[in-house]
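Take a look at the structure set out below.
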DNA sequence: CCCAATTGCTTGAGACTTCAACATCCTGAG
DNA sequence: CTCAGGATGTTGAAGTCTCAAGCAATTGGG
């Protein structure tokens, strides 16, 4: 406890979740626990890296000149600068990525895909896509895919703030 | 790479995601990254524990006699036995939970909420619910909450297997 | 009864994430 | 010009998660 800033004063207690909300909340929590687990496991078996690391390679492979700034990578993958720094270091050790300074801004760092990195993502992508299909898109109808897009986009608004 | 079992043979390459699917996939990945982050942060500020640990307390507080077996806890929270064992150890150190052997099965362990644990969850719950509302339910209409329940439940089917 | 296979859980090592502190560079007000 | 404040990244420590290995208890087939 340690004197939280959010004092649990009786009276300002928010409404608890009703039955309908629980019917959405419980599976949602399970899903956000389980989905990263599955994505991580499949990639770790195939390449020894987790999903975040794969995302870095994926974003780089689609960026102009196959390079991005740390802050852009962090933004695109919704991770902290610190986490991204560690992640890029790990990818650098594998030789899949290199760091180099930015011309115009002495603070910045560019991360660029190496040839080995490109090979890696090209070999990884098919298996990953297959897993994504199996986990997410195969069970859904076209309409449901649209619903999923709308819902997740809407929820991102509040989660990003 | 290291000779994955899933050989990237040209030809068996699965269909890449189309525009519609991407419109669902990208926000879904962000959501699945961001939501646990937010839940963790709020709980960590208030109590110094992450969301998984809170879930343990929450499930225990609603169980008969406020106790559950390790395997039940693991199942309910969609985590591995190992993770749950570590988690319960951490909660035990805080004095919020105790372990005791099961009568009928010498292998099993029961985890029971302590008085301090009950106090903790009672003080934590209002702030947590408020955060859940802010992040998930406030932005959605009633119809959308229903859609969310159906979609997440459907996706859980494939992710659990 | 006996033992091999299974179940339930724990442990330790290594990898990953977070947090706070820090170093560096840029920007703009005075 | 100068310096305070902001922005960009990095680092190390502490906590957490995963994986593989292991232990103890139970179960089931012979």
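Residue numbers (my numbering), protein chains in the order written: chain A, 154 to 314; chain B, 154 to 314. The beta carbon of each residue, even a glycine, is placed where N, CA and C say it ideally should be.
Inset, instruction - Using the Cα positions of residue 182 of chain A and residue 257 of chain A, report the straight-line distance between them to the nearest angstrom. - result: Stepping through the first chain from its first residue, residue 182 of chain A is reached at position 29. Stepping through the first chain from its first residue, residue 257 of chain A is reached at position 104. Going from the Cα of residue 182 of chain A to the Cα of residue 257 of chain A covers about 43 Å.
Inset, instruction - Measure how close the beta-carbons of residue 304 of chain B and residue 192 of chain A come, nearest whole angstrom, since I'm counting them as under 8 Å. - result: The residue you call residue 304 of chain B lines up with position 151 of the second chain. The residue you call residue 192 of chain A lines up with position 39 of the first chain. About 18 Å; that fails the 8 Å criterion.
Inset, instruction - Note the first and the last residue of the continuous alpha helix (DSSP H) segment covering residue 180 of chain B. - result: The sequence position of residue 180 of chain B within the second chain is 27, counting from 1. Segment 172 to 200, the alpha helix (DSSP H) holding residue 180 of chain B.
Inset, instruction - Look up residue 288 of chain A in the DSSP assignment and say whether it is helix, strand or coil. - result: As a working mapping, residue 288 of chain A is identified with position 135 in the first chain. Residue 288 of chain A falls in the helix class under three-state DSSP.
Legend entry - Whole-number beta carbon distance between residue 170 of chain B and residue 282 of chain A, since they are thought to touch under 8 Å: Start at 1 with the first residue of the first chain, and residue 282 of chain A comes out as number 129. Start at 1 with the first residue of the second chain, and residue 170 of chain B comes out as number 17. Sure, about 7 Å apart at Cβ, within 8 Å.
Inset, instruction - Please report how far the alpha carbon of residue 240 of chain B lies from the alpha carbon of residue 264 of chain A, in whole angstroms. - result: Counting from 1 along the second chain, the entry for residue 240 of chain B is found at position 87. Counting from 1 along the first chain, the entry for residue 264 of chain A is found at position 111. Distance between the alpha carbons of residue 240 of chain B and residue 264 of chain A is about 36 Å.
Legend entry - Neighbour flag for residue 234 of chain A against chain B, beta carbons, 8 Å: Counting from 1 along the first chain, the entry for residue 234 of chain A is found at position 81. For residue 234 of chain A, the answer is no, since every Cβ of chain B falls outside 8 Å of its Cβ.
Legend entry - residue 255 of chain B burial status per 10 Å Cβ neighbour count (16 or more: buried): For the purposes of this step, residue 255 of chain B is identified with residue 102 of the second chain, where counting begins at 1. Residue 255 of chain B is exposed by the Cβ-count criterion.
Legend entry - Rounded C-alpha distance that separates residue 242 of chain B from residue 271 of chain A: For the purposes of this step, residue 242 of chain B is taken as residue 89 along the second chain, with counting starting at 1. For the purposes of this step, residue 271 of chain A is taken as residue 118 along the first chain, with counting starting at 1. Within the model, the alpha-carbon separation for residue 242 of chain B versus residue 271 of chain A is close to 43 Å.
Legend entry - Within the segment 216 to 242 of chain A, ranges of the alpha helix (DSSP H) (whole runs, at least 4 residues): 223 to 230
Inset, instruction - Reducing DSSP to helix, strand and coil, say where residue 255 of chain A ends up. - result: Position 102 of the first chain, counting from 1, holds the residue named residue 255 of chain A. In the structure shown, residue 255 of chain A sits in coil (DSSP, three-state: anything other than H, G, I, E or B).
Legend entry - Where residue 301 of chain A sits in the DSSP three-state scheme: Here residue 301 of chain A is taken as the residue at index 148 of the first chain, counted from 1. Residue 301 of chain A falls in the helix class under three-state DSSP.
Legend entry - residue 316 of chain A (DSSP reduced to helix, strand or coil): There is no way to answer for residue 316 of chain A, as the model of chain A reaches only from 154 to 314.
Legend entry - 8 Å Cβ cut-off: residues of chain B touching residue 213 of chain A: Locating residue 213 of chain A in the first chain gives position 60, where the first residue counts as 1. By Cβ distance, chain B contributes nothing, its closest Cβ being about 16 Å from residue 213 of chain A, past 8 Å.
Inset, instruction - Determine the closest residue to residue 180 of chain A out of B:262, B:233, B:185 and B:176, with distance taken between C-alpha atoms. - result: Residue 180 of chain A sits at position 27 when you count from the first residue of the first chain. That would be B:185, whose Cα lies nearest to the Cα of residue 180 of chain A.
Legend entry - is_contact[residue 188 of chain A, chain B] using C-beta, thresh 8 Å: Here residue 188 of chain A corresponds to residue number 35 of the first chain, with the count starting at 1. With 8 Å as the cut-off, residue 188 of chain A counts as an interface residue toward chain B.
Inset, instruction - Would you identify the three-state DSSP class for residue 384 of chain B, choosing helix, strand or coil? - result: What is shown of chain B runs 154 to 314, which leaves residue 384 of chain B out entirely.
Legend entry - 8 Å contact criterion, which residue 177 of chain A and residue 302 of chain B should meet: CB distance rounded: The residue you call residue 177 of chain A lines up with position 24 of the first chain. The residue you call residue 302 of chain B lines up with position 149 of the second chain. Confirmed, Cβ separation roughly 4 Å.
Inset, instruction - Kindly list the residues whose CB is nearer than 7 Å to the CB of residue 205 of chain B, restricted to its own chain and excluding five residues on each side of it in sequence; keep chain order. - result: Position 52 of the second chain, counted from the start, is the residue given in the question as residue 205 of chain B. Only 230, 232 and 240 meet the Cβ criterion.
Legend entry - Bridge partner(s) assigned by DSSP for residue 264 of chain B: As a position in the second chain, residue 264 of chain B is number 111, starting the count at 1. Residue 264 of chain B is bridged to B:221 and B:252.
Legend entry - Contact set for residue 224 of chain A: own chain, Cβ-Cβ below 8 Å, skip 5 residues either direction: The residue labelled residue 224 of chain A in the question sits at position 71 within the first chain. 234 and 261, listed in sequence order.
Legend entry - Through-space distance from residue 274 of chain A to residue 215 of chain A, alpha-carbon basis: For this step, residue 215 of chain A is matched to residue 62 along the first chain. For this step, residue 274 of chain A is matched to residue 121 along the first chain. Using only the alpha carbons, I get a separation of about 11 Å.
Legend entry - Spatially closest choice to residue 306 of chain A from B:202, B:168 and B:187, by CA coordinates: Residue numbering aside, residue 306 of chain A sits at position 153 when the first chain is read from its first letter. Of B:202, B:168 and B:187, the residue nearest in Cα terms is B:187.
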